[in-house]
Structures are given as structure tokens and as C-alpha cells.
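First comes the structure, then the notes that go with it.
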Amino acid sequence: MMTKHPLFHCSKPDTPKLLFTSSHVDIKGENIQSFHINMVIDNLYAIPNYLLIQQSSTIIIYRYKIKNTKGNKNRIILAKIKKIENHILNYLVNRVSRQVLRLLFNVMLTLVSKNVKACNREMEKIILWMKISDIVDVHIGECVKVWDRYGVVKTYYNDASDGEQIAERRDDKNKTDDKGGKQYAAKDNAKETMSDQSSSVSLTKLVNDNFSLECKNNKLRMNYFKRSFVENLNLVGVVDFVCVNSTVFVLLKSGVEVLLFS
């Protein structure tokens, strides 16, 4: 049974405040401020201004802000903005690679950060899609595009597009025009033509090169962490970490360590 750690003050149920234990260290001339979040979690992911944590079948998304206080000291402020509960998560996290799981978390955070009209139901659709490990690539720009291994993409538009969603083929095959616009082949059709697709579009071409490089860099950074920071910061049980600019979120077996580099 997982040991529960104190996390939230109970003054207001909808405005939680995280309990931090802060410390300062100096490694090789770099001033690093460290905060410890007393919460046992299974996975985490972060992008600028947003943090996602996963506990069993629950995902909580926080908006975070780094503030500079007197004496040139930083502090981190977190506000819970979304909670997603889905029973498929437990099944999912035990059967897909961490790379695929990061794609899922990246999509979720991006949908939230870009104010895309994606409610919990649409999040669940993504999770169900991920259950069979179909997602292989994510493109983020004016909209969010999620590619699967059959060459089909689901597009999530921002508020200006009224949350419209379409499914299209990466090679633009099987297009038909309707009065309401272009309608593309659905995923079921893609499954039927999977043999044709596999001969013309390989899986490696579908995978984003930058994302592959990022995963490789994460492994290199993890090795660097093990050599340099883990011993100096007395971090025990490092599982994973995410670098966001000058902030590093380190997932430990006993909680989360937030490192602020100045």
C-alpha cells in the first residue's frame, strides 16, 4: 500500500498550497535552489508554466510560476487547474514505454496550455487511443496534431476554430470533398490499408526527429545527474526528470525535487 504524505493545507479545498522544504546548494559555481514536494507520484511531465503529475488512475495538472523574492531568492507557486480521472491509465502506464507515455502527457499539457477546447471526454479519447500504443508523433503549432502509426492524424484546434476536430491521412490519400469541407479517411479505413501504408511510410519517418533527439538527450542528462547532482543534493531513488528552461523537476521514489538554477 502506498504511503500517503502530507501535501495540501485544508483551509480551502479548491485552492491547495504545496508544502515545500527548500534548501540552497552551490555546485561548481552554480547556485541551485531546491524544493521538495512531499508527495509520492508515479509519473510527471512539464512544459513551460505547466506541470502534470500522475498518481495511479488520476492526472492533476498545475500551473506553476517562479517568483523572485527579496534577497534574490526564488520561490515556486503552483495552482491546480485540472484533474482527470480515468481507469484506463493504470492499464496504460504498465504496458507502454516511457517515451510513449511522455507523448500522451505532452499532448495533455499542450491542449491545456494553448486553451484548446478539449474537455475530459476528449482527454479520455486520447487515452483510449494510446491504449493500443498507436500514437507515434506530436506536432504543436497553431493547432495540436497527433499522428498514429497508420498515418492518420487527429487535429485539435484552438478556440478560434470552435474546437473543430478532423482526421486526415498523412499522405493525403483517399480524400473526398463534402459541403462542409474535406472529409478524410478514418482510422478504421487506415487499419484496412495498413499493409499499403507500411510499404510507403515507415514508422521511423512518422516519428518526430526532434522528439527522438530529446529522448536521447534525456538519457544523457540522466547520466549527468547521476554523476553530478544526485550525490551533491543527496537525492535518493531518482526515477526520472524533466528539464524546462532553468527549472528541473526530478521524480523521486519519495516525492518530487524542484531545482531552480540561477
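No gaps in the numbering here: position 73 of the sequence shown is 73 in the UniProt record's numbering, and each next residue is one more. We put the CB at the ideal spot given by N, CA and C, even for glycine. In this text, all values refer to a predicted model and were calculated from it rather than measured experimentally.
query, result
"Bridge-paired residues (DSSP) for L259", "S34, V248"
"When Q33, D42, E257, V236 are compared against T58, the one with the closest alpha-carbon", "D42"
"Selection from L109, I60, V40, R63 that minimises the alpha carbon distance to L252", "V40"
"Through-space distance from K83 to N74, alpha-carbon basis", "27 Å"
"Close Cβ partners of L89 (< 6 Å) along its chain, the five nearest in sequence each way excluded", "S57"
"Chain-order list of residues whose beta-carbon lies under 8 Å from that of V244 (same chain, five-residue window excluded)", "A46, I47, P48"
"Alpha-carbon spacing of V112 relative to I61, whole angstroms", "9 Å"
"Exposure of N106, with buried meaning 16 or more beta-carbon neighbours within 10 Å", "buried"
"DSSP state of K68 mapped onto helix, strand, coil", "Note that residue 68 is Asn in the sequence shown, not Lys. Strand, per DSSP."
"Three-state class that DSSP yields for V242 in the structure shown", "strand"
"Three-way DSSP call (helix, strand, coil) for N106 in this model", "helix"
"7 Å Cβ shell around V239 - same chain, five flanking residues per side excluded", "L251, L252, K253"
"One or two residues paired with D44 in a DSSP bridge", "Asp is not the amino acid found at residue 44; the sequence shown has Leu there. L44 is bridged to I53."
"From N86, Y50, G237, residue whose alpha carbon lies closest to that of K80", "Y50"
"Counted within 10 angstroms of its Cβ, other Cβ atoms place E164 as buried (16 or more) or exposed", "Bear in mind that a pLDDT of 42 at E164, under 50, signals an unreliable position, so the model cannot answer this."
"Option in Y64, E85, I66, L78 with minimal Cα separation from Q55", "E85"
"Proximity below 9 Å, CB of F249 to CB of L259", "yes"
"Beta-carbon separation (whole angstroms), residue 263 vs I77, contact threshold 8 Å", "With the chain covering 1 to 262 only, the question about residue 263 has no answer from this structure."
"Neighbour-count burial assignment, T110, 16 or more Cβ in a 10 Å radius", "buried"
"Rounded straight-line distance, which links the Cα of L44 to that of L104", "11 Å"
"DSSP three-state assignment for L89, whether helix, strand or coil", "helix"
"Spatially closest choice to I66 from S34, N38, H87, by CA coordinates", "S34"
"Residue from M108, N115, R102, K114 whose Cα sits closest to the Cα of V242", "R102"
"Distance between H87 and M108 (C-alpha atoms, nearest Å)", "16 Å"
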